[in-house]
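To convert, take the position in the sequence shown, counting from 1, and add 211; that gives this note's numbering. What follows is one structure encoded as structure tokens, with my remarks underneath.
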Amino acid sequence: MIIAGITGGIGSGKTSFCKIWEDEGVEVIYLDDFAKELMVSDQELIKQIKNTFGDESYYPDGTLNRKYLAAEAFEKGRVSELNALVHPALWKKLDQMITEKREQGLPLLAIEAAILLNKGRPDRVDSVILIESDRDEQIQRVKKRDGISEEKEILSRLNKQPDFSNLHHLADHVIYNNGSLEELQQKALKLLDQLTETD
Ligand code: ATP
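Printed below as a string of structure tokens:
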């Protein structure tokens with residue numbers, strides 16, 4: 212099984228790229244969604260979050276109190292504390308899932324993750340695909356997608372991310388997404404062919 216990791220900055224087009232692959236039958240794990248799911252299902256992680264950030268981190272019905280936790284983490288500068296709890300649990304669960312998929316004989320598994328290269332190139336990924344867009348494109352797309360009028364808000368999110376243009380050396384493929392969605396589709400399908408072709 213080939214494991215492809217898809218990464219890039221906000222609004223670069225990671226999800227759009229992965230949706231094109233999904234339409235071709237590729238199984239994609241969106242790491243953000245995976246983490247959100249884990250934060251309400253992994254009992255050990257829930258306990259650790261409550262111990263560190265308080266019981267208020269969860270509502271009595273077990274759902275996450277996002278507003279409270281975001282305020283604790285982002286406004287009080289405790290993001291790294293939260294990440295230190297969530298990330299190890301996340302990678303552990305992901306590795307379990309990879310093993311399951313391998314046993315099921317899946318030919319290709321894609322993992323979409325903005326944080327993929329945060330600690331260098333992860334061993335578990337065979338092919339790193341970096342989606343790159345001009346900064347202005349990223350800002351305009353996120354503005355439109357999320358209905359944000361304030362550029363400031365997007366810039367602050369962008370500035371918290373690594374500069375992906377400096378991470379090309381960690382990628383096997385760089386996909387430039389400054390053109391149309393059709394162009395992105397062509398590039399995505401070409402790369403999919405390349406990765407899955409057998410002779
Ligand atoms: P995030 O990290 O914020 O989740 P992302 O990298 O997954 O972002 P997408 O959600 O795929 O980015 O793209 C951001 C927005 O830009 C979406 O609304 C998407 O439809 C649009 N978009 C992506 N690529 C293009 C393109 N080439 N042309 C026009 N719109 C695009």
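From the three backbone atoms N, C-alpha and C, an ideal C-beta is built for every residue, glycine too. Here the structure is a predicted model, which means the values were calculated and not measured.
For V353, is the beta carbon positioned less than 7 Å from some heavy atom of the ligand ATP?
-> Here residue 353 refers to the residue found at position 142 of the sequence shown. For V353, the CB falls within less than 7 Å of some heavy atom of the ligand ATP.
Could you work out which residue in N329, L256, S344 and Y270 is closest to L301 when comparing CA atoms only?
-> Within the sequence shown, residue 301 is the residue found at index 90, counting from 1. For the residues N329, L256, S344 and Y270, the minimum Cα distance to L301 belongs to L256.
As assigned by DSSP and simplified to three states, the class of N329 = Sequence index remark: in the sequence shown, residue 329 carries index 118 (1-based). In the structure shown, N329 sits in a strand (DSSP, three-state: E or B).
Own chain, CB closer than 6 Å to D383, minus 5 neighbours either side, in chain order | As a first step, residue 383 must be located in the sequence shown, where it is residue number 172. Hits under 6 Å: S338 and V339.
Local conformation of Y270 per DSSP, three classes = Translated into the one-based positions of the sequence shown, residue 270 becomes position 59. Y270 falls in the coil class under three-state DSSP.
Exposed or buried, Y270, counting other C-beta atoms within 10 Å across all chains shown (16 or more means buried)?
-> In the sequence shown, counting from the first residue as 1, residue 270 sits at position 59. Classification for Y270: exposed.
Is DSSP giving L320 helix, strand or coil here?
-> The residue labelled residue 320 in the question sits at position 109 within the sequence shown. Under the three-state reduction of DSSP, L320 is assigned to strand.
CB-CB under 8 Å to T407, same chain, minus the five flanking residues each way: which ones, in chain order?
-> The residue you call residue 407 lines up with position 196 of the sequence shown. Hits under 8 Å: I213, P318 and L319.
May I have the straight-line CA-CA distance separating G288 from Q405, to the nearest angstrom?
-> In the sequence shown, residue 288 corresponds to position 77, counting from 1. In the sequence shown, residue 405 corresponds to position 194, counting from 1. Computed Cα separation, rounded: 43 Å.
Is it right to say E267 is buried, meaning 16 or more other beta carbons lie within 10 angstroms of its own, or is it exposed?
-> Position 56 of the sequence shown, counting from 1, holds the residue named residue 267. With fewer than 16 Cβ atoms within 10 Å of its Cβ, E267 is classed as exposed.
Is the stretch 291-306 touching the stretch 350-358, taking contact as three or more C-beta pairs under 8 Å?
-> With contact defined as three or more Cβ pairs closer than 8 Å, the stretch 291-306 and the stretch 350-358 are not in contact.
Unbroken beta strand (DSSP E) run spanning V385, endpoints | Locating residue 385 in the sequence shown gives position 174, counting from the first residue. Boundaries of the beta strand (DSSP E) around V385: H384 to Y387.
Taking one C-beta from the stretch 375-389 and one from the stretch 318-336 each time, how about it: are there three or more such pairs within less than 8 Å?
-> Between the stretch 375-389 and the stretch 318-336, the count of C-beta pairs closer than 8 Å reaches three or more; the two stretches touch.
Where E343 sits in the DSSP three-state scheme = Within the sequence shown, numbered from 1, the residue matching residue 343 stands at position 132. Looking at E343 - three-state DSSP - the assignment turns out to be strand.
Nearest-angstrom beta carbon gap, E323 and Y241 [assumed within contact, 8 Å] = In the sequence shown, counting from the first residue as 1, residue 241 sits at position 30. In the sequence shown, counting from the first residue as 1, residue 323 sits at position 112. 5 Å between Cβ atoms; contact.
Identify the residues that DSSP records as bridge partners of L275: which are they?
-> Counted from its first residue, the sequence shown places residue 275 at position 64. Under DSSP, the beta-bridge partners assigned to L275 are Y269.
Pairwise C-alpha distance: I342 and G423 | This structure does not reach residue 423, given that the chain is present from 212 up to 410, and the question cannot be answered.
Please list, in chain order, all residues of the same chain as E292 whose beta carbon is under 7 Å from its beta carbon, the five residues on each side excluded.
-> Indexing the sequence shown from 1 puts residue 292 at position 81. Non-local C-beta neighbours of E292 in its own chain, meaning closer than 7 Å and more than five positions away in sequence, comprise T263, ordered along the chain.
K225 beta carbon near the ligand ATP (any heavy atom closer than 7 Å) = Along the sequence shown, one-based indexing puts residue 225 at 14. Yes, the beta carbon of K225 sits closer than 7 Å to at least one heavy atom of the ligand ATP.
Could you give the DSSP three-state label for I350: helix, strand or coil?
-> Against the sequence shown, residue 350 aligns to sequence position 139. Three-state DSSP puts I350 in a helix.
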